[in-house]
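Written below as structure tokens is the structure these notes are about.
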Amino acid sequence: MRPKMRILSLLGLLSAIVLAGGADGGNAPAQRWTHDRGPAGQTCVSQAEPMETLGNVLWTYRAQGTIAAAPLTWDGVAYLREGQRLIALDLETGKRRASQDIGNVTSAALGDGAVFVRQGANLIQWRRHKKTFRKRWSVALTDGASAPCIYAGELYVTSGGKLVRLRAGQKKPAWEQGTGAFGSPALHGEEVYSLERSGTKVALVARARLDGSEVARIEWEGGATTGGTGDGSVAVNRDQAAVNVGDKWFLIHRKHAGGKLTLKDPWPVPLKDEPLLYTSAVIGYGGKKNSLMLFRYTGKKNLSRPLVTPAARPDLLKGAALPISMQNVMCTGLWMANLNANLIRWHLHERPERKLMTNGVAFRPVPATDERLLLVDQDKKQLVCVAPEVIG
């Protein structure tokens, strides 16, 4: 197949792909980016409307310390970890609403407007009160416990080799299940997914959200017993789960039929960073030629094709591309930040490169609302809020 025809066939495929996310399988609100990996479903997808062109800088917040991670957003407020301080910013103006020294934390997540952080062996809830934050609740977990996955006041973490369900304000877990559980769990529908390890074997386990009973399991030879910074990451869409074990990524086929969930066919994929998940496809950076690639289960033969290669777009793919989407259908467009410190808006059907920033872009860009995008400029230690110029 000639390259042009291949691109057209991929566009036909992608035009039918609709986003997944959230515990109920629906889209996450644009104004709620609650985890450093994305909204509730942790798929790096927002239901925000497309930004037609790159536009104006609305405001800039200059941090006094290093910005530790991408901001989290909830109903008009951006939460930022600046050094050892937790900062709340007004999304309209960029002005500081609240600030509090919370010490060194390893991860953070948002739920119902409260910030939950991992600090040593503790999981702590902070809630904004006037111009500061107050500690509302904490629970002791084992050191190295995962960041929480949060839904409707329930928190799911791995701790002490078990998957644990907690409720904010309560010290005793609702349930603890599993053996050798590790990493960060993910929710999809009424199930919570986590990884378990025994020697060099790894299992992806789906459990009922309410009682922790096992719904489905798939085990395979996962290789290394310890791994990189993303070790244990789980993200789930309608048709598959993407999991990270050490320095390896696997896609697991997920199928509901006759009221039964089946997990099967662990597929090692050459991803180099956390991918972006759609209903029936996964897009990420990797492969032998360091390309932006599409992976998809087809039922007969797994699809693995480059969308953009370094030879075609060397300026686009210098370093790992970290994509997010702000549309309901992927083929409309895609935002990417890469390790060459560029933010790019890319159209699959046009494929132009539109740069907004050329220095210091770190972490994923965060869609704060339908009309605002938050960018961390690590070189200048600042958070930048931009808006599109809407084409009539």
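Numbering of the sequence shown is given in my numbering, commencing with residue 13 and proceeding in unit increments. C-beta atoms are modelled at their ideal positions from N, C-alpha and C, and glycine is treated no differently.
Identify the continuous beta strand (DSSP E) that holds residue i and give its terminal residues.
i	result
I264	K260 to A269
P83	Run containing P83: none; DSSP gives neither H nor E here.
D243	From DSSP, D243 is part of no beta strand (DSSP E); its letter is neither H nor E.
P197	A193 to H200
G297	Reading the sequence as shown, one finds Tyr at residue 297 and not Gly. Note, Y297: beta strand (DSSP E), V294 to G298.
T170	E166 to S171
A228	E226 to E233
A253	Q252 to V257
Q189	W187 to Q189
L175	K174 to R179
A110	R108 to D113
V117	Taken as a continuous stretch (DSSP letters only), V117 belongs to no beta strand (DSSP E), as it is neither H nor E.
K276	K272 to V281
R221	Here R221 belongs to no beta strand (DSSP E), and DSSP marks it neither H nor E.
Y205	E203 to S210
When the Cα atoms are used, what is the spatial distance from residue i to residue j?
i	j	result
V96	Q76	Per the sequence shown, residue 96 should be read as Gln rather than Val. The alpha-carbon atoms of Q96 and Q76 are separated by roughly 11 Å.
G224	K213	22 Å
L98	D277	42 Å
L222	E202	8 Å
G106	L395	9 Å
R384	C397	6 Å
F307	P287	10 Å
E104	L70	8 Å
L178	K300	42 Å
S292	H265	10 Å
Please classify residue i: is it buried, with 16 or more other beta-carbons within 10 angstroms of its beta-carbon, or exposed?
i	result
R93	buried
L275	buried
K143	exposed
N249	buried
L387	buried
W86	buried
D389	buried
E233	exposed
K272	exposed
K174	buried
G296	buried
S171	buried
E226	exposed
Considering only residues of the same chain and omitting the five flanking positions on each side of residue i, which have a CB-CB separation below 8 Å?
i	result
N134	S150, V151, A152 and L153
Tell me which same chain residues have a C-beta within less than 6 Å of the C-beta of residue i, skipping the five on either side of it?
i	result
R229	A215 and V217
G181	W149
T241	At T241, the pLDDT of 47 sits below 50, so the modelled position is not reliable; the number obtained from the coordinates is stated separately. Taken in chain order, the list of residues that qualify is empty.
Q137	A126, F128, R148, W149 and A180
D422	Outside the displayed span of the chain (13 to 404) sits residue 422, for which this structure offers no information.
Excluding the 5 residues flanking residue i on each side, which residues of the same chain have their C-beta closer than 7 Å to its C-beta?
i	result
V246	G195, S196, P197, A198, Y205, S206, L207, A253 and V255
W187	R177, D223 and G224
Fully enclosed by the stretch 134-158, which beta strand (DSSP E) runs are 3 residues long or longer? 134-141 and 144-152
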